[in-house]
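A.B. asks: Each residue of the sequence shown is one higher than the one before, counting from 0 in numbering that gives the first Met the number 0.
In this text, a Cβ means the ideal position worked out from N, Cα and C, and glycines have one as well.
Please read through the structure below; I'll follow up with questions.
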Amino acid sequence: MKTFDLKPQLFDTLKSYNKKNFMSDLMAGIIVGIVALPLAIAFGIASGVTPEKGIITAIVAGFLMSLLGGSKVQIGGPTGAFIVIIYGIIQKYGIEGLTIATIMAGVFLILFGLLKLGTIIKYIPYPIVVGFTSGIAVTIFTTQIKDLFGLTIDTVPSDFVEKWICYIQHFSTADLWCSLVGVLSVIIIAITPKFSKKIPGSLVAIIVMTIAALLLKQYAGITSIETIGDRFNVSNAIPDVQVPVMTWETIKSLVAPAMTIAVLGAIESLLSATVADGVIGDHHNSNTELVAQGVANLASPLFGGIPATGAIARTMTNINNGGRTPIAGIIHAVVLLLIFLFFMPLAKYIPMACLAGVLVIVSYGMCGWRSFVALMKNPKSDVTVLLITFFLTIIFDLTVAIEVGLIIACLLFMKRMSETTDVKVIMDEINEESDISKGNIEHLTIPEGVEVYEINGPYFFGAGNKFEEIMASFGDRPKVRIIRMRKVPFVDSTGIHNLTNLCEMSKNEGITIVLSGVSEKVHAQLQKARFYDILGEENICSHINLALERAKEIVSGK
0 MKTFDLKPQL
10 FDTLKSYNKK
20 NFMSDLMAGI
30 IVGIVALPLA
40 IAFGIASGVT
50 PEKGIITAIV
60 AGFLMSLLGG
70 SKVQIGGPTG
80 AFIVIIYGII
90 QKYGIEGLTI
100 ATIMAGVFLI
110 LFGLLKLGTI
120 IKYIPYPIVV
130 GFTSGIAVTI
140 FTTQIKDLFG
150 LTIDTVPSDF
160 VEKWICYIQH
170 FSTADLWCSL
180 VGVLSVIIIA
190 ITPKFSKKIP
200 GSLVAIIVMT
210 IAALLLKQYA
220 GITSIETIGD
230 RFNVSNAIPD
240 VQVPVMTWET
250 IKSLVAPAMT
260 IAVLGAIESL
270 LSATVADGVI
280 GDHHNSNTEL
290 VAQGVANLAS
300 PLFGGIPATG
310 AIARTMTNIN
320 NGGRTPIAGI
330 IHAVVLLLIF
340 LFFMPLAKYI
350 PMACLAGVLV
360 IVSYGMCGWR
370 SFVALMKNPK
380 SDVTVLLITF
390 FLTIIFDLTV
400 AIEVGLIIAC
410 LLFMKRMSET
420 TDVKVIMDEI
430 NEESDISKGN
440 IEHLTIPEGV
450 EVYEINGPYF
460 FGAGNKFEEI
470 MASFGDRPKV
480 RIIRMRKVPF
490 VDSTGIHNLT
500 NLCEMSKNEG
510 ITIVLSGVSE
520 KVHAQLQKAR
530 FYDILGEENI
540 CSHINLALER
550 AKEIVSGK
């Protein structure tokens, strides 16, 4: 293990930094900051907090992730994946509960990094990631229908099915002008990349629709278009640091939501960093990235912010505009801070329908319908995990979806691993193929009264019963049972337990067990478990020839 395994990428960057690097990072940082502005506002409002909290999160978290992170180009901030979780926590525990849950998630992320779990988290099954990401996308889209069409609804139900029933019942109350603003916003965002790759479509839509709404209100008397200012008091004051009161009861109740934030944040961040690596030809340090994520999520809620993670869209924008070092991410945070201080009051004129249009495009980008359709052609087990995770996400919540999805995936993994372990019976002759490359194949005859079994693959809890089932199918009782374990890479406690039971049962029946070809690793595990106290060291043989000789001695009574 390297001494500086958790060293931020910025440290190495500064050693060879020059003016050319800075100019490239400066332009990328400015553009990414502009791109992040509408998204931060939209994510903040959709999550159930004020728009400035979304920007504060992008500033604080974005700065710390670039400063301390393990990726050179990762851009951090609030993301669409957290909207559903944040909104649910606020509804149940309030803003203070969200603050505590985010701080706890930060602690969990730091522990993930310190315990070197960065590589393990990346092995979470792909169907689970696609399932809950698609589920989140559908949920985000569902939450924006009211604002997108300007529906007149006093209280929108929290349940997914009830929400759509409510929309259908109240769709006759849709406002024409709000609907027009929302639909045009979606169209502008969708077609902008065809004309300009540099200017973000969301920013163009917000500027155009805000000006249009002001003109309609000023000269046409259209006042039905709701804006951010109609719903929130927008402020550009930097909030004071506030540490929440944390009790043991509150901490216990928020462990599950906090863990969900941490796991989801880790997955999204590491996926984003991995995608970025493929584009720039670099390798991020996953554990350093997790520690940086943790620090960012510790600091963000102290300023009133919400959970944050690495954002794929903003990271790719950074790369496409020339960003190659963490300096670009730091500049992006500074640009957002300047916009917040000098232009935040103007945000009150942005139509809510326009922000809904921004989030509709975000949800479309998140849904990954092509990946979803492709996975539907995979084995039934993968399809099952995908659909269960997807429907649990939209019908219940993300916490339940991740927990159940991981449990099902683990069970399927156990099943597949058990299928890789094969137990077979060798009758009459053994073809010893160790020297097959030299053309020497030794035929070993099995003595009368001896049975030889061979285990191919790991001998663990998923395969332990196979051996017993095969032996039970033979009605005879030999004097010796040789178990070849040359192809057993490891054995777990359940496998040792099964072998122990087998030895004890065989001993009661007058049958001697002889192990053959036990590897050093398995031998150490069996010795540590005091398994040889039952079997006896003389019945542990390094090769099948020695095992057969030992079996002959036992059969002959020597």
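State the CB to CB distance for the pair G105 and N296, rounded to an integer number of angstroms; the pair is presumed to be in contact (CB under 8 Å).
C.D. replies: Rounded, the Cβ-Cβ distance is 4 Å, consistent with contact.
A.B. asks: If G364 sits next to L147, beta carbons under 8 Å apart, how far is it from one beta carbon to the other, in whole angstroms?
C.D. replies: About 16 Å; that fails the 8 Å criterion.
A.B. asks: Rounded to a whole number of angstroms, what is the C-alpha to C-alpha distance between I425 and K251?
C.D. replies: About 56 Å.
A.B. asks: Going by DSSP, which residues form a beta bridge with E453?
C.D. replies: In DSSP, E453 forms a bridge with K423, R483.
A.B. asks: Compare the Cα-Cα distances from W163 to each of A173, K145, D174, T101 and report the closest residue.
C.D. replies: Of the listed residues, the one whose Cα sits closest to W163 is K145.
A.B. asks: Where does G277 sit, in a helix, a strand or coil, going by DSSP?
C.D. replies: Correct three-state label for G277: helix.
A.B. asks: DSSP state of G309, grouped into three classes?
C.D. replies: Correct three-state label for G309: strand.
A.B. asks: Pop quiz: T101 and I260 are said to be a contact at Cβ under 8 Å. What is the actual Cβ separation, rounded to whole angstroms?
C.D. replies: Right, their Cβ atoms sit about 7 Å apart.
A.B. asks: What would DSSP say about T226, mapped onto helix, strand or coil?
C.D. replies: Strand at T226.
A.B. asks: Starting from S541, trace the beta strand (DSSP E) both ways and give me its first and last residue.
C.D. replies: Careful: S541 lies outside any beta strand (DSSP E) and carries neither H nor E.
A.B. asks: Distance, Cα to Cα, A57 vs A35?
C.D. replies: For A57 and A35, the distance between alpha carbons rounds to 8 Å.
A.B. asks: By how many angstroms is the C-alpha of P77 removed from the C-alpha of A45?
C.D. replies: Those two C-alpha atoms are separated by around 11 Å.
A.B. asks: For the alpha helix (DSSP H) that contains L5, what are its first and last residues?
C.D. replies: Note, L5: premise wrong, no alpha helix (DSSP H); not H, not E.
A.B. asks: In angstroms with no decimal places, state the Cα-to-Cα distance between N377 and G228.
C.D. replies: Approximately 48 Å between the Cα atoms of the pair.
A.B. asks: Checking the sheet assignment: what are the DSSP bridge partners for I512?
C.D. replies: Paired residue(s): R480.
A.B. asks: Taking buried to mean at least 16 other C-beta atoms within 10 Å of its own C-beta, is P156 buried or exposed?
C.D. replies: When all chains shown are included, P156 counts as exposed.
A.B. asks: Output needed for A212: all residues of its chain with C-beta closer than 6 Å, excluding positions within five of it in sequence on either side, in chain order.
C.D. replies: Same-chain partners within the cutoff: I224, P350.
A.B. asks: May I have the straight-line CA-CA distance separating K19 from P7, to the nearest angstrom?
C.D. replies: Going from the Cα of K19 to the Cα of P7 covers about 22 Å.
A.B. asks: What number of angstroms, rounded off, separates the C-alpha of S15 from the C-alpha of F21?
C.D. replies: The alpha-carbon atoms of S15 and F21 are separated by roughly 11 Å.
A.B. asks: Who pairs with G591 in a beta bridge, going by DSSP?
C.D. replies: Missing from the structure shown is residue 591; the chain here goes from 0 to 557 and no further.
A.B. asks: Between the Cα of A60 and those of V129, H283, G328, spot the shortest distance and give me the residue it belongs to.
C.D. replies: Per the Cα distances, G328.
A.B. asks: If you drop the 5 nearest sequence neighbours on each side, which residues of the same chain put their C-beta closer than 8 Å to that of L336?
C.D. replies: Hits under 8 Å: I58.
A.B. asks: On the three-state DSSP scale, how would you describe V490?
C.D. replies: Three-state DSSP puts V490 in a strand.
A.B. asks: On the CB-based measure, 16 or more other CB atoms within 10 Å of its CB, does R415 come out buried or exposed?
C.D. replies: Label assigned to R415: exposed.
A.B. asks: Among the candidates L410, E552, L150, S70, whose CA atom is the shortest distance from the CA of I318?
C.D. replies: The option with the nearest alpha carbon to I318 is S70.
A.B. asks: Skipping 5 residues on each side, what residues in its chain have a beta carbon closer than 8 Å to that of K437?
C.D. replies: Any reading at K437 must be qualified, since the residue scores a pLDDT of 40, below 50, and its modelled position is unreliable; the value itself is stated next. Same-chain partners within the cutoff: there are none.
A.B. asks: When the Cα atoms are used, what is the spatial distance from A236 to F342?
C.D. replies: For A236 and F342, the distance between alpha carbons rounds to 12 Å.
A.B. asks: For the alpha helix (DSSP H) holding N286, just list the boundary residues, first then last.
C.D. replies: Where N286 is concerned, the enclosing alpha helix (DSSP H) stretches over 285-298.
A.B. asks: Please identify the residue among V479, D421, N284, V554 whose C-alpha is closest to the C-alpha of F459.
C.D. replies: Here the closest residue by C-alpha is D421.
A.B. asks: Check each candidate in S555, T419, N507 and name the one with the smallest Cα separation from P488.
C.D. replies: For the residues S555, T419, N507, the minimum Cα distance to P488 belongs to T419.
A.B. asks: Helix, strand or coil: which one does DSSP assign to P199?
C.D. replies: Residue state, collapsed to three classes: coil.
A.B. asks: Using a threshold of 8 Å, state whether the C-beta atoms of F159 and I387 are closer than that.
C.D. replies: No, these two residues do not count as a Cβ contact at 8 Å.
A.B. asks: Just the Cα atoms here: how many angstroms apart are C165 and L67?
C.D. replies: Their Cα atoms are separated by approximately 46 Å.
A.B. asks: So, G200 versus D174, is the Cβ gap smaller than 8 Å?
C.D. replies: It is not a contact, given that the beta carbons lie outside the stated cut-off.
A.B. asks: With a threshold of 6 Å on Cβ separation, who are the neighbours of P243 within its own chain once the five nearest residues in sequence on each side are excluded?
C.D. replies: Cβ within range, chain order: E95, T98, I99.
A.B. asks: Would you report the Cα separation of V449 and F131, rounded to the nearest angstrom?
C.D. replies: Spanning the two alpha carbons is a distance of roughly 54 Å.
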